[in-house]
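Position one of the sequence shown corresponds to residue 48 (our numbering), numbered consecutively onward. Here a beta-carbon is modelled for each residue, glycine too, at the ideal position from N, C-alpha and C. Computed from a predicted model, the values in this text were never measured in an experiment.
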Amino acid sequence: MKSRAVKIDAVWSLQEMDFGEWKSSMQFKINKKVVDASKSEHEWNAWLVKMKDKTVTLLIYMYGAALGRQQDLDEFHVACIQPLQTDRSGATAEASLRDVITSLQTQWGASFQAEQVVWRMWANHITRNLNRSTWVAAITRHQPPHIAQLFQPVASHLSQHIENPTRSANMALDCVAASMADLQQLRRYLDICESNLTGRKAVTEAFIRDIPPPPAHSVIDPLPNMENVHDTEHQVFEQE
48 MKSRAVKIDA VWSLQEMDFG EWKSSMQFKI NKKVVDASKS EHEWNAWLVK MKDKTVTLLI
108 YMYGAALGRQ QDLDEFHVAC IQPLQTDRSG ATAEASLRDV ITSLQTQWGA SFQAEQVVWR
168 MWANHITRNL NRSTWVAAIT RHQPPHIAQL FQPVASHLSQ HIENPTRSAN MALDCVAASM
228 ADLQQLRRYL DICESNLTGR KAVTEAFIRD IPPPPAHSVI DPLPNMENVH DTEHQVFEQE
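Written out as structure tokens, the structure reads:
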């Protein structure tokens, strides 16, 4: 028991209970007869002795003993428990679900981040009991394990400060790696070109070796046909 039903000016509400108020939400019952709870301490002690070896039922009212009639219970359920809006099947309506999502994001948005569908999963988990009185407390509690793993912590200012230079350094490293890959590709292309040229050189050399030299009779000695040029230089020297 955490809250009790209270009716003030014909309006039902829930109030937090102290430990001292628990007795107002509990009653003893013997053979369908409710035990008077207004006994003094001495009367209670005597009653306990009298009830020895007898079966006594302890009734604990979830929302206190103020809900004595079914009509009161129905009115209280509509005012404090039932979702304000439901669909045709009785489940929480979309409008109420969005309100819970907004409350969750307000409560936890500064600490955790996730896709909108994950926030919706959390809201569905909270509202599935159709007990509106428990939603506020559930919103302040951490996510259930199967949903918590879908959230990520929000990056702090320091993390963002470190992340920006890291991203720039990674980008520079990617550029260097890409340039090295291009250089390797260029080297492979040059190796292919050199191999092609080496092959062509070998073919050309083999072709040259296969060409026979001209026959001796076809080679004309140019010396007999050369014109004898006068030695004018020495002539000038002798005159001097």
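Going by beta-carbon coordinates alone, are residue i and residue j separated by less than 8 Å?
i	j	result
F75	V96	no
L144	A170	yes
S215	I186	no
L197	V165	yes
I292	R167	Nothing in the structure corresponds to residue 292, since the chain is present only between 48 and 287.
Let me check understanding here. Comparing Cα to Cα, which of the options lies closest to residue i?
i	options	result
K86	K54, W94 and L237	W94
K79	D221, V276 and L106	L106
N178	E252, R247, Q132 and Q154	Q132
W155	M98, I267 and Q199	Q199
I55	E241, P192 and F123	F123
H189	A253, Q152 and L230	Q152
Who does residue i pair with in a DSSP beta bridge?
i	result
P200	F159
Worksheet item: Using 8 Å as the threshold, is the segment 123 to 133 in touch with the segment 156 to 171, meaning 3 or more CB pairs across them?
Response: no
Worksheet item: Taking the runs of the alpha helix (DSSP H) that are 4 residues or longer, which of them lie wholly in the segment 65 to 141?
Response: 88 to 97 and 117 to 123
Worksheet item: Just checking, does the segment 134 to 146 make contact with the segment 172 to 179 on the three C-beta pairs under 8 Å criterion?
Response: yes
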